[in-house]
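Colleague:
Numbering (UniProt numbering), first residue to last: 1 to 225.
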């Protein structure tokens, strides 16, 4: 269980975070604060694993506030101002979420925090069971090339078969390890270690082509260095 607190001067922003955290059974939202100064005693107590922190607040700038914490926890910045991203990463934050952010993007940031905290189990299975028609099909993660979202179903592509399931693309992404898979298009997830090459807006996995969506390009380029 990861204990986290959220600091944001906007009530709606805190409400969204509370909703997202409630969907993650491995997260415990200890409390929320509308003022960073009110949060300081709790943060200095060392009883918080993760801080979800806004940047532009009336009392103090979020980045300046980080410097006031004696033993800061891991931090995910949540802000409407993308121009502070570089300063955020220089402060060694886990991730930088630009409002409004989706649950999928929030979950990806949390998974990064899990890795930093070492809370991902070392014996996490290297396979999934996927319901297809009336069967539960075992799929080894190493065999997955990509996942394709269709109109009414999702197709999991491996080297030798395509498994169709009624799961949504987002639900399946939540079950895949974030360090190995990435969403590159609203209809595609790919295995990073299966990418053969990238040319303009196309990912090649062997002789298969996967489009890159504009909204996903920056994260893909960051992940592949």
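For every residue, glycine included, the Cβ atom is placed at its ideal position computed from N, Cα and C.
For residue 202, which residues of its own chain have a beta-carbon under 8 Å away from its beta-carbon, when the five flanking residues on both sides are left out?
Modeller: 209, 210, 211 and 212
Colleague: Measure the C-alpha to C-alpha separation of residue 216 and residue 165 and round it to an integer number of angstroms.
Modeller: 24 Å
Colleague: Using the three-state DSSP reduction, which class does residue 209 fall into: helix, strand or coil?
Modeller: strand
Colleague: With the cut-off set at 8 Å, would you say residue 75 and residue 53 are in Cβ contact?
Modeller: Cβ distance < 8 Å, so residue 75 and residue 53 count as in contact.
Colleague: Measure the beta-carbon distance from residue 66 to residue 91 and round it to whole angstroms, keeping in mind my assumption that it falls under 8 Å.
Modeller: 6 Å
Colleague: Measure the C-alpha to C-alpha separation of residue 120 and residue 127 and round it to an integer number of angstroms.
Modeller: Residue placement at residue 120 is flagged as unreliable, the pLDDT there being 49, under the threshold of 50; a coordinate-derived value is accordingly withheld.
Colleague: Measure the Cβ-Cβ separation of residue 167 and residue 157 and say whether it is below 8 Å.
Modeller: no
Colleague: Taking residue 85 as part of the alpha helix (DSSP H), name the residues at either end of that continuous run.
Modeller: 85-90
Colleague: Would you check if the region 133-140 and the region 110-120 touch, i.e. whether three or more CB-CB distances between them fall below 8 Å?
Modeller: Under the Cβ criterion (8 Å, minimum of three pairs), the region 110-120 does not count as touching the region 133-140.
Colleague: Alpha carbon to alpha carbon, how far is residue 176 from residue 139? Give it in angstroms, no decimals.
Modeller: 11 Å
Colleague: DSSP three-state label for residue 120, please.
Modeller: The pLDDT assigned to residue 120 is 49, lower than 50, so where the model puts this residue is not dependable; a value taken from the coordinates is nonetheless given after this. In this structure, residue 120 counts as coil in the three-state DSSP scheme.
Colleague: Does DSSP classify residue 34 as helix, strand or coil?
Modeller: coil
Colleague: Does the Cβ of residue 95 have 16 or more other Cβ atoms within 10 Å, making it buried, or fewer, making it exposed?
Modeller: buried
Colleague: Where does residue 108 land, buried or exposed, given buried means 16+ other C-beta within 10 angstroms?
Modeller: By the neighbour-count rule (16 or more Cβ atoms within 10 Å), residue 108 is buried.
Colleague: Suppose the cutoff is 6 Å on Cβ atoms and the five residues either side in sequence are ignored; what does the same chain contact list for residue 189 look like?
Modeller: Excluding residues up to 5 positions away in sequence, 147, 173, 181 and 183 lie with their Cβ nearer than 6 Å to the Cβ of residue 189 in the same chain.
Colleague: Any contact of the region 9-20 with the region 42-49, i.e. 3+ C-beta pairs under 8 Å?
Modeller: Verdict: no, contact absent.
Colleague: For the region 9-34, list the alpha helix (DSSP H) runs that are entirely contained and at least 4 residues long, ordered along the chain.
Modeller: 11-22
Colleague: Along the chain, where does the beta strand (DSSP E) containing residue 77 start, and where does it finish?
Modeller: 74-79
Colleague: Please state the DSSP three-state secondary structure of residue 67.
Modeller: Here residue 67 sits in helix by DSSP.
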